[in-house]
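Novice:
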């Protein structure tokens, strides 16, 4: 009980320093030398003192909290879990704690959690927006001078920062790789067509088909949920076409794994009898059998860069929004085999 | 700028109600009727008023924050991502926001984030403890009357609540299933032997072997990281034994997927030539090929129950710690085939 009543004066007495020295240590000031700081910290630990950051922030006019918000659209997709891990590692090192909310693509839930995080005094927000997010959803934060960084997905017209991947280039590189292996019927499988990411990847796919001198056949572009189950669904529809594809550029790795599952349940061996390319390069892409050829986005690295961008915006005050596009590269593994010329494998 | 200076009086004037009515609405009191509440909320929105919960909490003596902490040991494992989603859904509905930190099994990082979350005024903590967590790591929270619920993993001697799975029963059911299919050489693959979860699952495996009249062979129990990569490593070691196993009870689904990968790279078809059982029943277990026979723990459901237990502890004040064990069930899919009697498949 007494622990609640430990004061700065008690600590100063125990450590044999002045009250203002204790205050400086609590504020993380660089004016206190290491030995003194250690003495004060030891006294705090011994007395069970807990610094109340909420109260401290209120005392300091214009103080920024050491709290940021992180809102993701689907934490059960390992891409977003890895993104969160990357964000978390940078925020922890910078002494921040972060609120997390998963929206499950529910726009109402997203609005509620953003409002709630704002009430709890976040200094900045990282968000992978749910489908249907509008530029207006960020207006209140922008007006309040709270920086926002959109990760992975972009919302057209929103005057906030963003870090996205070069989706067009990634999909185009995948098609070029498959065309070089001799594939002529290349499908584009999975993803929600009403999202900016889908549009970018799909345009990359279409442009690269034309560059490779191949026809674009709209039947070969099959939208589905950007999940393993969506991949199973998309490949089943693709294989029922009069002239089915021999290869697929998938919206993401989750879809690609589902495509491999769907092929196997039709007794078609992915990587030998059918070529599959993913997008994201999640952890499992490397150890899967066949190891997945995919576009490396490095979700943890993307999370780290997003966090760094937000910290920069928080620290610089009223910074202008920045739009960063992270380059990607095709990682060739086993899921496209060695080409279809001269027969399978 | 003016937005920062909006006061309760401004809102009262705009809504045509008294100042105390506005205060009651802000405190979520049930004394205000729906129409008045709507009028006040509309006025707040119009004026751009943001309720400062931190300040409100400081004003109210003994007020509990609407913040909880969530600390997980490995968010890149989809089990923990799903657990977090389950926790998040209940916390959101209860009007809470949550801090999230991923420790990556780093005990120092865990200590830092717990201290930081405490400074930021959490009312409770849910934690899946990193390896090496000691009962003493929760002492400060317990002394401060902040409830803690351990999820998934238990720390012996810690006087805090816990929600774990019936690990012994799950592993025993897996062995019984494999023994009934005719397997005599059943391995136990993956997991860190220094954890309570490993010990419980391993004992379930061993006890069930004896119950089935099979010998326990220590060579068949192979520890490895509880990940896909760990599964690849464990099955490689198992298949190099003089008399290799024909079936494996895996520490978790991630290990089981790695075991399937490792078998395929040795040209052994899981589900046909080798039986594999997982533990957790993550989302991919159902759509994988072969669909994984596994012990269903329902990670999202477990997350929801953990959150409910924490809320109960927060609301009841100084509640006694509770230890709940969630029952599990074996879900039979395709990864064990139809038995080895009469040859493969």
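Residue numbers (full-length UniProt numbering), protein chains in the order written: chain A, 1 to 345; chain B, 1 to 345. Beta carbons: idealized from backbone N, C-alpha and C, even for Gly.
#1: Buried or exposed for residue 156 of chain A, please, with buried defined as at least 16 other CB atoms from any protein chain shown within 10 angstroms of its CB.
#2: Mind reading off the beta-carbon distance from residue 272 of chain B to residue 337 of chain B? Whole number of angstroms is fine, and I expect it under 8 angstroms.
#3: Taking the continuous alpha helix (DSSP H) assigned at residue 102 of chain B, which residues delimit it?
#4: Can you name, in chain order, every residue of its own chain whose Cβ lies under 6 angstroms from the Cβ of residue 15 of chain A, other than the five neighbours on each side?
#5: Count the CB pairs spanning the segment 242-256 of chain B and the segment 281-290 of chain B that are closer than 8 angstroms, and state whether there are at least three.
#6: Got a sec? Which residues, its chain only, sit under 6 angstroms from residue 193 of chain A by beta carbon, not counting five neighbours each side?
#7: Between residue 66 of chain A and chain B, is any beta-carbon pair separated by less than 9 angstroms?
#8: Below 9 angstroms between beta carbons: does that hold for residue 169 of chain B and residue 328 of chain B?
#9: Determine whether the Cβ of residue 116 of chain A lies closer than 9 angstroms to any Cβ atom of chain B.
#10: Out of curiosity, what's the CA-to-CA distance linking residue 233 of chain A and residue 262 of chain A?
#11: Using a cut-off of 8 angstroms between C-beta atoms, extract the partners of residue 139 of chain B located in chain A.
#12: Output, in chain order, the set of chain B residues within a Cβ distance shorter than 9 angstroms of residue 283 of chain A.
#13: Give, in chain order, every residue of the segment 86-108 of chain A whose Cβ lies closer than 7 angstroms to some Cβ of chain B.
#14: Give me the Cα-Cα distance between residue 322 of chain A and residue 148 of chain A, rounded to the nearest whole angstrom.
#15: Leaving aside the five residues before and after residue 100 of chain B along the sequence, list all residues of the same chain whose C-beta is less than 6 angstroms from its C-beta, in chain order.
#16: Do the segment 89-105 of chain B and the segment 100-114 of chain A touch if we need at least three Cβ pairs shorter than 8 angstroms?
#17: Please confirm whether residue 208 of chain A and residue 176 of chain A have their CB atoms less than 9 angstroms apart.
#18: Applying a beta-carbon distance threshold of less than 7 angstroms, which residues of chain B neighbour residue 264 of chain A?
#19: For residue 345 of chain A, which three-state DSSP category applies?
#20: Checking 9 angstroms against the spacing of the C-beta atoms, do residue 230 of chain A and residue 204 of chain A come in under that value?
#21: Based on Cα-Cα distance, which residue from A:106, A:135, A:98 and A:130 lies nearest to residue 117 of chain A?
#22: What in chain B is Cβ-close to residue 82 of chain A, meaning under 9 angstroms?
#23: Give me the Cα-Cα distance between residue 120 of chain A and residue 64 of chain A, rounded to the nearest whole angstrom.
#24: Cβ atoms of residue 260 of chain A and residue 364 of chain A: under 9 angstroms apart, would you say?
#25: Check whether the Cβ atoms of residue 82 of chain B and residue 303 of chain B sit closer than 9 angstroms, and answer yes or no.
#26: For a minimum of 3 consecutive residues, which ranges assigned as the beta strand (DSSP E) are wholly contained in the segment 82-132 of chain B?
#27: Can you check DSSP and say which residues form a bridge with residue 164 of chain B?
#28: Report the neighbours of residue 207 of chain A on chain B: residues whose CB is nearer than 7 angstroms to its CB, in chain order.
#29: Taking only three categories from DSSP, how would you classify residue 171 of chain B?
#30: Check residue 69 of chain A in the structure and name its three-state DSSP category.
#31: Evaluate residue 137 of chain B with the Cβ neighbour count: other Cβ atoms within 10 Å of its Cβ, from every protein chain shown; 16 or more gives buried, anything less gives exposed.
#32: So the alpha helix (DSSP H) residue 306 of chain A belongs to, where does it begin and stop?
#33: Taking 9 angstroms as the threshold (beta carbon to beta carbon), is residue 70 of chain B in contact with chain A?
#34: Taking only three categories from DSSP, how would you classify residue 260 of chain A?
#35: If you measure between the beta carbons of residue 87 of chain A and residue 126 of chain A, is that distance less than 9 angstroms?
#36: Got a sec? Which residues, its chain only, sit under 6 angstroms from residue 300 of chain A by beta carbon, not counting five neighbours each side?
Specialist: So, to answer that:
#1: Per the 10 Å Cβ criterion, exposed.
#2: Right, the Cβ-Cβ distance comes to about 6 angstroms (below 8 angstroms), so this counts as a contact.
#3: Per DSSP, residue 102 of chain B lies in no alpha helix (DSSP H); the unbroken beta strand (DSSP E) holding it starts and ends at 97-102.
#4: Answer for residue 15 of chain A: 39, 40 and 43, listed in chain order.
#5: By the Cβ test, the segment 242-256 of chain B is in contact with the segment 281-290 of chain B, since at least three Cβ pairs between them sit closer than 8 angstroms.
#6: Hits under 6 angstroms: 223.
#7: Yes - at least one Cβ of chain B is within 9 angstroms of the one on residue 66 of chain A.
#8: Yes, Cβ-Cβ distance for residue 169 of chain B and residue 328 of chain B is below 9 angstroms.
#9: Chain B, which has a Cβ nearer than 9 angstroms to the Cβ of residue 116 of chain A, makes this yes.
#10: Roughly 8 angstroms separates the two Cα atoms.
#11: What residue 139 of chain B touches in chain A: nothing, since even the nearest Cβ is about 10 angstroms away.
#12: Within 9 angstroms Cβ-Cβ: 76, 227, 228 and 229.
#13: Correct list: 88, 92, 97, 98, 99, 100, 101 and 102.
#14: Roughly 10 angstroms separates the two Cα atoms.
#15: Around residue 100 of chain B: 70.
#16: The segment 89-105 of chain B vs the segment 100-114 of chain A: in contact.
#17: Between residue 208 of chain A and residue 176 of chain A, the CB-CB gap stays under 9 angstroms.
#18: What residue 264 of chain A touches in chain B: 289.
#19: Unreliable positioning characterises residue 345 of chain A in this predicted model, as indicated by a pLDDT of 34, which lies under 50. A coordinate reading is not provided.
#20: No, Cβ-Cβ distance for residue 230 of chain A and residue 204 of chain A is not below 9 angstroms.
#21: Nearest to residue 117 of chain A by alpha-carbon distance, out of A:106, A:135, A:98 and A:130, is A:98.
#22: Within chain B, the residues near residue 82 of chain A are 75 and 76.
#23: So the alpha carbons of these two residues sit roughly 12 angstroms apart.
#24: No statement about residue 364 of chain A is possible, as the shown extent of chain A runs from 1 to 345 and does not include it.
#25: The criterion of a C-beta distance shorter than 9 angstroms is satisfied by residue 82 of chain B and residue 303 of chain B.
#26: Listed in chain order, they are 97-102 and 124-127.
#27: In the DSSP output, where bridge partners are listed per residue, residue 164 of chain B has B:325.
#28: For a Cβ distance threshold of 7 angstroms, nothing in chain B lies close to residue 207 of chain A: the least Cβ distance comes to about 32 angstroms.
#29: The answer is helix: DSSP assigns residue 171 of chain B an H, G or I state.
#30: Here residue 69 of chain A sits in strand by DSSP.
#31: Under the 10 Å beta carbon count, residue 137 of chain B is surrounded by 16 or more other beta carbons and is classified as buried.
#32: Segment 299-315, the alpha helix (DSSP H) holding residue 306 of chain A.
#33: Against chain A, the CB of residue 70 of chain B has a partner CB under 9 angstroms away; the residue lies at that interface.
#34: Three-state result, residue 260 of chain A: helix.
#35: Closer than 9 angstroms, so yes.
#36: Once the five neighbours on either side are set aside, the close Cβ partners of residue 300 of chain A are 82, 85 and 86.
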